[in-house]
Amino acid sequence: MPGSRFGRRGLLWLGAGGLAAITGLHFLWPNGAEAGGGIDVAAILPLTGPLAAYGDQARLGLTLAATEIENDGGILGQPLHLRLLDDASDPEAARAIAEALAEERRILAILGPVSSAARNAMAPITGRARLPLLYATNY
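For the sequence shown, the tail end lands on 211 under this note's numbering, and the numbers increase by one without skipping.
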């Protein structure tokens with residue numbers, strides 16, 4: 073990512089750190105998959121649109137971390153289910169996706185977003201739903 077101080081390695085560490093944090097969240101929040109069904113997390117990322125290059129890097133890091141967690145037996149023996157959702161670089165789309173996920177009450181946490189505009193749109197929803205929103209700050 074030309075001109076980015078965060079870089080690819082930082083995004084890979086973000087993915088690993090975000091998914092590692094899920095281990096502790098599994099016991100603290102009532103959201104998430106039913107017992108024995110695994111641990112569901114969602115990533116709302118700009119996979120299309122003007123911020124797609126950044127969303128793709130986050131997708132790569134999260135997918136790599138999820139694969140490594142699965143290869144090591146999951147989280148406390150439970151499989152990890154990572155849902156990648158595209159907000160098309162649109163904060164309103166990010167808000168709508170977060171709202172749908174909050175109403176669904178199946179996921180343990182939301183990972184992402186990449187932009188502060190998307191984060192600001194999602195934060196009130198995740199706050200009301202008591203749904204952890206894990207994101208990097210590189211701005």
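Positions of the beta carbon are idealized from the N, C-alpha and C atoms, including for glycine. Quick caveat: nothing in here was measured; it's all calculated off a predicted structure.
If you draw a straight line from the C-alpha of residue i to the C-alpha of residue j, how long is it?
i: P118; j: P151; result: 25 Å
i: R191; j: P163; result: 8 Å
i: A165; j: G133; result: 22 Å
i: A172; j: N143; result: 30 Å
i: A125; j: A160; result: 11 Å
i: D158; j: R202; result: 22 Å
i: L156; j: E140; result: 17 Å
Which residue wins for smallest C-alpha separation from residue i, given the options the options?
i: L154; options: I197, D112, A124, Y207; result: D112
i: T198; options: A174, G145, G121; result: A174
i: P196; options: E176, A168, R178; result: A168
i: G110; options: G149, G121, A130; result: G149
With respect to the alpha helix (DSSP H) encompassing residue i, which residues constitute its N-terminal and C-terminal limits?
i: R167; result: 163 to 176
i: A138; result: 124 to 143
What span of residues does the beta strand (DSSP E) with residue i cover, start to end?
i: R202; result: Note, R202: premise wrong, no beta strand (DSSP E); not H, not E.
Assuming the contact rule is C-beta atoms closer than 8 Å, residue i and residue j should be a hit. Round their C-beta distance to whole Å, please.
i: I116; j: A170; result: 6 Å
i: L206; j: L180; result: 10 Å between Cβ atoms; not a contact.
With the cut-off set at 9 Å, would you say residue i and residue j are in Cβ contact?
i: L123; j: V186; result: yes
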